[in-house]
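Structure first, commentary second.
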Amino acid sequence: QANPPTREYLYKILVVGDLGTGKTSIIRRYVHNIFSTNYKSTIGVDFALKVVQWSSEIIVRLQLWDIAGQERFGNMTRVYYKGALGAFVVYDVTRPQSFEGVTKWKQDLDAKVTLPGAWGGGHIPVVLLANKSDLLQDGHGQAIQPQEMDKFCQEQGFAHWFETSAKDNTNIDEAARYLIQSIVSLE
Ligand code: GDP
Ligand code: MG
32 QANPPTREYL
42 YKILVVGDLG
52 TGKTSIIRRY
62 VHNIFSTNYK
72 STIGVDFALK
82 VVQWSSEIIV
92 RLQLWDIAGQ
102 ERFGNMTRVY
112 YKGALGAFVV
122 YDVTRPQSFE
132 GVTKWKQDLD
142 AKVTLPGAWG
152 GGHIPVVLLA
162 NKSDLLQDGH
172 GQAIQPQEMD
182 KFCQEQGFAH
192 WFETSAKDNT
202 NIDEAARYLI
212 QSIVSLE
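First residue of the sequence shown: 32, per UniProt numbering; consecutive thereafter.
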């Protein structure tokens, strides 16, 4: 008996957010399962590939685009965003100022990226990551109010939010699965 044909999808995923919020750390944790407190950031475009066996018939190749050194401008070019099918917006739970960046990044995405026409051409799914949650447990920053976050996500058009820690490897796989599901369901 023949196996069902395997389908392979390549998804370009953007990871944006203010400088120092943990974008590179999240990608490194997700792709290589490592964390370090100190490493050089390169200027330019950096991306990492993660291959996910999504189901018995579907393989998803996630191309995670890391903005390296350009996030201080608070926006990116259309060319950089081109062809993206999903995004993470990251903020640092110990720095309220980085949460202000969230709205700005979401607006930048909404203004510059749309789904392919065959998929309706609307906004790409975007998941909000409240990163460095390990520091909340250590008494830094303000505890997150889940109901307020739900409301914020609804108002701003985020698909969902997760409290993550690249350090402790908390919720990163879950957040990625949520985003992949959001995109697969558009296929
Ligand atoms: P980026 O500028 O958004 O790419 O941020 P980085 O990934 O370079 O992280 C900035 C700093 O925050 C680094 O010193 C990381 O080690 C630290 N960091 C990133 N994620 C976490 C986390 O989940 N918990 C803690 N405690 N530190 C983190
Ligand atoms: Mg970085």
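Cβ atoms here follow ideal geometry from the backbone N, Cα and C, with glycine treated the same way. Computed from a predicted model, the values in this text were never measured in an experiment.
{"Check": "Near the ligand MG: residue 37 beta-carbon under 6 Å from a heavy atom", "Outcome": "no"}
{"Check": "Contacting residues, own chain, Cβ-Cβ under 7 Å from residue 77 (five flanking each side not counted)", "Outcome": "97 and 99"}
{"Check": "Minimum C-alpha distance to residue 138 - residue among 127, 120 and 68", "Outcome": "120"}
{"Check": "Beta-carbon contacts of residue 103 that lie in its chain and below 6 Å, excluding the five residues immediately before and after", "Outcome": "50"}
{"Check": "Where the beta strand (DSSP E) through residue 159 begins and ends", "Outcome": "157 to 162"}
{"Check": "Limits of the alpha helix (DSSP H) - the one that residue 146 falls within", "Outcome": "Residue 146 -> no alpha helix (DSSP H), and no H or E assigned at all."}
{"Check": "Continuous alpha helix (DSSP H) stretch holding residue 173: start and end", "Outcome": "No alpha helix (DSSP H) contains residue 173, which DSSP labels as neither H nor E."}
{"Check": "Distance, residue 160 Cα to residue 129 Cα", "Outcome": "11 Å"}
{"Check": "Within 7 Å, strictly: CB atoms of residue 111 and residue 52", "Outcome": "no"}
{"Check": "Extent of the continuous alpha helix (DSSP H) to which residue 212 belongs", "Outcome": "203 to 215"}
{"Check": "Separation of residue 69 from residue 213, as counted between CA atoms", "Outcome": "33 Å"}
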